[in-house]
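Using the numbering used here, the first residue of the sequence shown is number 3, and each one after it goes up by one. Ideal Cβ placement from N, Cα and C applies to all residues, glycine included.
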Amino acid sequence: MNIYVLSVLTGLIVGFLFAWLRLPIPAPNALPGVLGIIGIYLGYKLFEWIL
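Quick look at the structure:
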C-alpha cells in the first residue's frame, strides 16, 4: 500500500481514538498551526535540495 495512504489512515484512526476517549487532539486545532508544520517541512526539504 502507498505510504501516504497508510499515513492518512493512521492519522484518521488516531484522531478517532482520541475523540472517542475524549482526549485533546494531538495536533494543532487551527489551520495556521497546520500550515506552520507544513512550512517547517517544506523549509527542511528546500534546504536539502539546495545542498
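How many angstroms separate the CA atom of residue i from the CA atom of residue j?
i          : j          : result
residue 17 : residue 49 : 31 Å
residue 52 : residue 46 : 10 Å
residue 36 : residue 4  : 23 Å
residue 23 : residue 11 : 18 Å
residue 41 : residue 30 : 14 Å
residue 33 : residue 8  : 22 Å
residue 26 : residue 19 : 11 Å
residue 13 : residue 38 : 18 Å
Cutting at 6 Å between CB atoms, please list the residues of its own chain near residue i, excluding the five before and the five after it.
i          : result
residue 43 : none
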